[in-house]
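For reference, the structure discussed in these notes is given below.
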Amino acid sequence: MIVNRCAKPPANVDEYKDLWIWLEQNDGELSHISLEMAGIGRKLADKYKEKLVGILLADESGERMSQEAIEYGVDKVIFVKNPVFRHYRTRPYADTISKLVEERKPNYFIIGATHNGRDLASRIAVRVNTGITADCTEIDIDPTKKLLEARRPAFGGAILANILCSRHRPQMASARPGIFKPVERVIGRSGEVERIDSPLREEDVVTKLLQIVTREEVDITTADVVVCGGMGLGKKEGFKMLEELAAELGGIVAASRPTVDAGWISRDRQVGQTGKTVHPKLYVAVGVSGAIQHIAGMKTSEFVISINKDAAAPIIKYSDIALIGDAYDIVPKLIDSIRKGRQAQREGKTQGQAK
Ligand SMILES: Cc1cc2nc3c(=O)[nH]c(=O)nc-3n(C[C@H](O)[C@H](O)[C@H](O)COP(=O)(O)OP(=O)(O)OC[C@H]3O[C@@H](n4cnc5c(N)ncnc54)[C@H](O)[C@@H]3O)c2cc1C
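Residue numbers (our numbering): 62 to 416.
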């Protein structure tokens with residue numbers, strides 16, 4: 062356990078209440094991470110009898126998003142309205158939310174560790190003079206001391222550190238995307254919306270939004286079938302046969318970190334501690350050794366098939382089926398047998414129809 066202390070005198074715990082989450086939105090739509098935060102927030106709020114409050118900065122589209130957040134389990138939304146908030150910008154967001162934190166004194170504040178969330182969470186923590194545990198993969202509360210128990214892999218994934226910030230409020234953590242599940246939406250669920258009109262003017266914001274360039278990102282986190290390539294492929298071209306295999310299985314291609322570092326495939330496909338966390342029904346690991354940092358991103362897969370030359374590779378013990386041999390020998394045979402199986406199925410059906 063790591064305990065984070067600093068010189069500030071301990072906060073008076075009795076002045077603090079509620080569990081806050083940041084409702085991240087993008088161009089008037091709640092981001093998926095907000096639903097994930099509502100999911101973990103609801104779980105903790107129910108377990109420890111806290112009120113779950115969502116903080117939403119948006120233009121008028123915030124009315125619709127507030128109701129959506131309530132339907133995903135939030136008890137109350139504090140909706141700060143201003144056209145300036147349609148798109149995330151560091152200063153106006155960090156200033157507005159920090160001011161709210163100082164006025165309202167939430168006990169706990171959890172923010173999704175997206176690009177914007179990481180930027181925002183650390184700035185709020187500094188402004189309100191508290192600590193933050195970044196990129197957590199597990200979050201719980203010690204109800205007696207009212208401390209957030211924030212867990213994350215540390216020292217290159219060698220340990221799972223339970224980090225406490227024992228003297229400061231709010232207790233803050235950012236939470237890794239793709240780990241926490243949203244609760245089921247309950248259409249028409251009722252909750253409270255507090256509306257605050259922000260007096261901010263566009264000319265008060267020093268950063269100007271000139272253009273929004275969206276980068277096409279592949280989302281491997283929601284795929285049911287993931288075919289992951291590792292250094293065992295030996296070359297960039299090896300991913301071509303994985304694309305074929307993924308297409309046959311209706312899945313998506315992912316990769317280990319060194320293959321990304323080598324420039325064989327784009328970073329948005331990286332699985333693992335410093336990549337994405339996936340939860341597919343089927344995970345096929347081809348030429349992946351199964352280092353602890355890789356396992357961190359795929360260990361909740363329902364069924365794992367590994368293809369590896371080395372019967373002693375660590376990935377084998379995480380596999381339901383291990384095919385020992387050369388990927389360039391096994392993968393084409395797999396593709397071929399899937400195609401033949403499908404063909405036979407089609408022919409069987411046609412013969413059945415003919416009868
Ligand atoms: C702080 C930190 C964070 C990290 N984060 C990540 C992360 O997010 N994701 C990640 O993946 N890694 C991460 N790593 C790197 C990690 O430690 C491993 O180095 C990496 O996962 C190994 O990648 P690999 O399995 O592709 O390659 P290797 O470890 O080189 O394994 C290659 C495997 O392929 C097998 N093989 C070789 N040839 C063939 C063949 N022809 N057919 C079949 N099998 C074959 C070998 O037996 C071996 O098991 C991180 C490391 C650190 C220190």
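Idealized CB from N, CA, C, for every residue including glycine.
In this text, all values refer to a predicted model and were calculated from it rather than measured experimentally.
Terminal residues of the alpha helix (DSSP H) in which residue i lies
i, result
"VAL267", "First-last for VAL267: undefined, no H or E at that position."
"VAL162", "151 to 165"
"SER104", "In the sequence on display, residue 104 carries Lys and not Ser. That run of the alpha helix (DSSP H) goes 93 to 109."
"GLU263", "Per DSSP, GLU263 belongs to no alpha helix (DSSP H) and is neither H nor E."
Host beta strand (DSSP E) of residue i (start-end)
i, result
"ALA211", "208 to 215"
"GLN232", "232 to 236"
"GLY115", "113 to 119"
"SER367", "364 to 369"
"PHE300", "Not the beta strand (DSSP E): PHE300 falls in the alpha helix (DSSP H), residues 299 to 310."
"LEU294", "Here LEU294 belongs to no beta strand (DSSP E), and DSSP marks it neither H nor E."
"ASN223", "220 to 225"
"ALA315", "313 to 316"
"ASP201", "199 to 203"
Closest by C-alpha distance to residue i, when choosing among the options
i, options, result
"ILE281", "ARG152, LYS410, PRO238, GLY409", "PRO238"
"PHE146", "ARG262, ARG318, VAL247", "ARG262"
"ILE273", "VAL74, TRP83, LYS78, ASP88", "ASP88"
"LYS370", "ILE171, VAL392, VAL138, LYS360", "VAL392"
"LEU270", "GLN334, VAL247, THR151", "THR151"
"ILE326", "ALA119, MET233, GLY291, LYS360", "GLY291"
"ARG165", "TYR149, GLU199, ILE116, ARG246", "ILE116"
"VAL74", "VAL187, LYS206, TYR149", "LYS206"
"ALA315", "LYS301, MET302, ALA106, ARG330", "ARG330"
"GLY386", "VAL349, TYR149, GLU363", "VAL349"
"GLN354", "PRO319, ALA383, ILE158", "PRO319"
"LEU118", "TYR149, ARG407, LEU105", "TYR149"
"ASP79", "GLU90, ALA106, LEU96, ILE94", "ALA106"
"TYR344", "SER367, HIS176, ILE396", "SER367"
Integer-rounded CB distance, given that residue j should sit under 8 Å from residue i
i, j, result
"GLY324", "GLY358", "Rounded, the Cβ-Cβ distance is 20 Å, inconsistent with contact."
"ALA346", "VAL365", "7 Å"
"GLY293", "ALA174", "That pair is no contact at about 30 Å."
"ARG230", "ASN143", "Contact doesn't hold; Cβ gap of about 27 Å is too wide."
"LEU161", "ILE139", "7 Å"
"SER235", "ILE172", "5 Å"
"PHE300", "MET233", "With a Cβ gap of about 39 Å, PHE300 and MET233 do not count as contacting."
"GLN334", "PRO214", "6 Å"
"HIS340", "SER317", "HIS340 to SER317, Cβ: 18 Å. No contact."
"GLU163", "VAL189", "6 Å"
"ILE94", "GLY178", "7 Å"
Residues that DSSP places opposite residue i in a beta bridge
i, result
"ASP343", "Per the sequence presented here, residue 343 reads as Leu, with Asp not at that position. Note: LEU343 sits in a beta bridge opposite VAL286, PHE364."
"THR194", "ALA234"
"TRP83", "ILE116"
"ILE257", "VAL141"
"LEU384", "ILE368"
"PHE170", "TRP81, MET233"
"LYS337", "VAL332"
"GLU90", "ASN87"
Closer than 8 Å to chain D by CB, residue i
i, result
"ASP107", "Among the protein chains of the structure shown there is no chain D, as only one such chain exists."
Is there contact between the segment 286 to 298 and the segment 245 to 263, where contact requires at least three CB pairs shorter than 8 Å? no
Evaluate the contact criterion for the segment 93 to 104 versus the segment 127 to 145: three or more CB pairs, one atom per stretch, below 8 Å. yes
Report yes or no: do the segment 374 to 391 and the segment 401 to 409 share at least 3 C-beta pairs separated by less than 8 Å? no
Does the segment 175 to 183 come within contact of the segment 210 to 227, defined as at least 3 CB pairs closer than 8 Å? no
Would you call the segment 296 to 310 and the segment 242 to 251 in contact, with 3 or more CB pairs under 8 Å? no
Decide if the segment 224 to 242 is in contact with the segment 105 to 116; the criterion is three or more beta carbon pairs, one per stretch, under 8 Å apart. no
Is it a yes or a no for the segment 116 to 126 touching the segment 229 to 246, going by three-plus beta-carbon pairs under 8 Å? no
Can you find at least 3 beta carbon pairs, one from the segment 309 to 319 and one from the segment 203 to 212, that sit closer than 8 Å? no
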